Structures are given as structure tokens and as C-alpha cells.
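Visitor: Mind looking over this structure? Questions follow.
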Amino acid sequence: MTALATTTSPIYMRVGSVSEALEMAARHSDDFSYLAGGTDVMVNRFQGNNPASCLIDLSGIAELQNVSEEADWLRIGALVKLNRLKNYPPITEYFPVLIEAARAVGSPLVRSMATLGGNLLCENRCIFYNQTEFGREAVNYCLKSGGDICIATGGPKVCFSEFVSDTAPALISLDARVEIAAPGGGKTIPLEEIYTGDGLQPRKLEKTAILKTILLPLNRCFRSVFKKLSPRKSVDFTSLTTAVSVDDNGKMKVVLGGVSPGPVVIEWQRNGDPEALIKQALKLCKTVDNDVYSRNYRRKMISVFLSESLEQL
Ligand SMILES: Cc1cc2nc3c(=O)[nH]c(=O)nc-3n(C[C@H](O)[C@H](O)[C@H](O)COP(=O)(O)OP(=O)(O)OC[C@H]3O[C@@H](n4cnc5c(N)ncnc54)[C@H](O)[C@@H]3O)c2cc1C
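In C-alpha cells form, the structure reads like this:
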């Protein structure tokens, strides 16, 4: 482990193992951030949205950088970079939708640093929150910035910042599970269970928990369709992401991102009524006007994306 600190910069620690990271996190548990590729953490820091005084860099942990097969599962280390996913034949052969989703993230430069685990845990976004300090102050601070109300809705209780990970909808639609390491012991749970759906605290994980591995079932013969709505094809965050996967038994999973504070997950059947599916999706999505596209446009695009996805499948 190496540690660097000056009076103006945070303490920076680069760790070499999961246990070392957990130990360092326990020492700084009230005020630290894990860093993987850093493409989300550092941008949030520059904007003043992540003031942690200690950064624990996980990128030197070799055991989280591999892809392997074990029994009926493909195991992808949380630190595998997004632009490397295409180099693994089991991913290209069985889960090409994951590569498509990863390619929708940021730009080539971002994807060469960003990790899969970091993408699953990237911070929720909102046009009233992802601003300079001046911009946040100008609207008297939103709930997520410590203010009293959500600027988008005027409500005092609920933060509607959007869940923007592009790979999470694809992975959830494939019934991915995640291995978590935490001080009290590890666990393996369905990916969707790590999200709260609360814009203020989007994840259920303990602050010191480490995402180790993403597991995908190898024996299900999925077919999938992925779509993303954003002003430009590159660099922009999502305004709506949909991933729909169906397995060889006709079990379908539909996942939406970018339109609620958490992923919206719907279990369906291949022969189910498309109109009923769209109605259900619109009912579950808590979409508000906090994005570059209007709420009404994004809700219309939910219908368009889901109809097209079902046709393509
Ligand atoms: C210009 C630009 C465009 C972008 N466009 C998109 C986009 O289109 N879609 C999109 O989804 N994202 C986008 N991003 C955000 C970001 O680049 C990605 O989400 C990226 O995948 C984050 O991965 P990272 O490894 O850099 O995460 P980091 O920034 O290192 O970490 C992100 C979060 O995850 C936590 N974390 C990381 N790894 C672990 C772990 N193993 N265990 C526990 N906690 C961990 C960190 O503490 C932090 O909270 C963009 C960023 C930039 C700068």
C-alpha cells in the first residue's frame, strides 16, 4: 500500500488486495471514496459533489481484473475495463449485449479507464445536481446538494436523480449476480438488489463494501436488444436506456435506466401482451423534468424503444 498526502490534496492510497482495501476503508469509514477508473469519482470531485478527504484506489487489485468460467457461470472481475470486455470470447459469444452497452458509455478515452464495477456504482445524475457550485447555489441547492426541496418537482421529500449506468440494465436483463466483499462477510446477490430506487442514497451496500465479481449464467441462450437515447451517440449520459433479454424458455426481463432513481425491472414472458408491458413500464417509471429531454418525450420514447425491442426479438 502507498499513501500520499499534502495539505491541499486528499490522502491517496493504492491498495493491492480486497482485504487491504477493507482495512483502509474501516480506518477512514466516515470520509473516503473508492476509486476504480476514477472517471465518475473525479468528475464529481471537480464539480464539488464528492468532498471525501481520502481516496482508496482499487485499480492495483489483480484478482478483480480477470474473466473466467466456473461451473455454469461466467465471472467478470469488477475492475475489468469497459473497452476490454470485447476481448473475451465467452462475452462476445454469449453476452454481446454487454459489449453493446459498454460501448454506449462515454467515449473511447473514458472506456479505456472506466471499469465495469465502477459503471454499476456510478453516481445518480440530475441537471440540478451536476452543476458547478455556482449553478447549485443559483437554484438554492436541491435535495441531493443538501437543500430542502427537489428543484424538478418542488417536493420536499423525494430526490429523483436518475440512475444512469448503461451496463446495469443489460446485466440485470441477463439475470446477473454480484459478489460483494464487506467487513462482516461476503455475499452473492442479484444485481438489482444493490439499488434502492432512492435518488439520495441510490445503493443498499455498506459504504465499505467492495464489488468483486459480476456473474452471468452461461446456460440460458439469451437473445437481447439494447437501446440508448442521448443527444449525441458519444460522450452523453443516457436519457433513457432499455435492455430486453429473453432466454430459451421464453423468460423475458425488461430493464429501463435513465428514467427513475433506480433501474426499473419487469419480468415478462416472450408471448406476453406488448401493450400491457409498455403500460406497466410507464406506470413504474418515476420520470420527472430533470434531464436535457422533457419528461413527456422520454415517456414517449419508452413506448417506442420497447415496441421496437419486442419486434426485433
Ligand atoms: C465524459 C464522460 C462521459 C460519461 N458517459 C457515461 C455514459 O454514457 N454512461 C455511463 O454509464 N457512464 C458515463 N460516464 C460515467 C463513468 O465514466 C462511467 O460510469 C464509468 O464506468 C465509471 O467507472 P470507473 O471505474 O471510472 O468508476 P469510478 O469513478 O472509479 O467509481 C464510480 C463509483 O463506484 C465506486 N466503485 C468503483 N469500483 C468499485 C468497487 N469495485 N467496489 C466498490 N465501489 C466501487 C466508487 O467509489 C464510486 O462511487 C461518463 C463519464 C465521463 C467523464
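Going by this note's numbering, the sequence shown opens with residue 105, and the numbers climb by one from there. Ideal Cβ placement from N, Cα and C applies to all residues, glycine included. Quick caveat, the model's predicted, so the values are computed rather than measured.
(1) Closer than 8 Å by C-beta to T292: which residues in its own chain qualify, once you throw out the five before and the five after it? Chain order, please.
(2) Going by DSSP, which residues form a beta bridge with F330?
(3) Give me the Cα-Cα distance between Y233 and A175, rounded to the nearest whole angstrom.
(4) Return yes when the Cβ of N187 is within less than 7 Å of the Cβ of S211, no when it is not.
(5) At a cut-off of 6 Å, is Y138 close to ligand 1 when judged by its beta-carbon and the heavy atoms of the ligand?
(6) Beta carbon of T143: closer than 6 Å to some heavy atom of ligand 1?
(7) Can D270 and A182 be called in contact, C-beta distance under 7 Å?
(8) By DSSP, does K355 sit in helix, in strand, or in coil?
(9) By how many angstroms is the C-alpha of N228 removed from the C-alpha of Q235?
(10) Looking only at C-alpha atoms, which of C263, L360, I314 and L247 sits nearest to K332?
(11) Buried or exposed: A109, going by 16 or more other Cβ atoms within 10 Å of its Cβ?
(12) What span of residues does the beta strand (DSSP E) with V369 cover, start to end?
(13) Once the 5 residues before and after L445 are set aside, which same chain residues still bring their CB inside 8 Å of it?
(14) Could you tell me whether any non-hydrogen atom of ligand 1 is closer than 6 Å to the CB of C158?
Guide: On the basis of the data shown:
(1) Within the sequence shown, the letter at position 188 stands for residue 292. Same-chain partners within the cutoff: R281, V282, E283, I284 and L319.
(2) Taking the first residue of the sequence shown as position 1, residue 330 is located at position 226. Beta-bridge pairing links F330 to A347.
(3) Working through the sequence shown from its first residue, we reach residue 233 at position 129. Working through the sequence shown from its first residue, we reach residue 175 at position 71. Cα-Cα distance, rounded: 44 Å.
(4) For the purposes of this step, residue 211 is taken as the residue at position 107 of the sequence shown. For the purposes of this step, residue 187 is taken as the residue at position 83 of the sequence shown. No, the pair does not count as a contact, with Cβ atoms beyond the cut-off.
(5) Against the sequence shown, residue 138 aligns to sequence position 34. Result yes, Cβ under 6 Å from ligand 1.
(6) In the sequence shown, counting from the first residue as 1, residue 143 sits at position 39. Yes, since a heavy atom of ligand 1 falls inside the 6 Å radius drawn around the Cβ of T143.
(7) As a first step, residue 270 is located in the sequence shown; it is residue number 166 there, counting from the start. As a first step, residue 182 is located in the sequence shown; it is residue number 78 there, counting from the start. The answer is no: Cβ separation not under 7 Å.
(8) In the sequence shown, counting from the first residue as 1, residue 355 sits at position 251. Strand, per DSSP.
(9) Along the sequence shown, read from residue 1 onward, the residue named residue 235 stands at position 131. Along the sequence shown, read from residue 1 onward, the residue named residue 228 stands at position 124. Taking the straight line from one Cα to the other gives about 13 Å.
(10) In the sequence shown, counting from the first residue as 1, residue 332 sits at position 228. K332 has its Cα closest to that of L360, out of C263, L360, I314 and L247.
(11) The count along the sequence shown starts at 1 and reaches residue 109 at position 5. Residue confidence for A109 is low, a pLDDT of 46 falling below 50, so the modelled location carries little weight; the figure read from the coordinates is stated next. Flag for A109 reads exposed.
(12) By 1-based counting over the sequence shown, the position of residue 369 is 265. Its beta strand (DSSP E) spans residues V368 to Q373.
(13) Nothing can be reported for residue 445: it is not among the residues displayed for the chain, which extend from 105 to 417.
(14) For this step, residue 158 is matched to residue 54 along the sequence shown. Result no, Cβ not under 6 Å from ligand 1.
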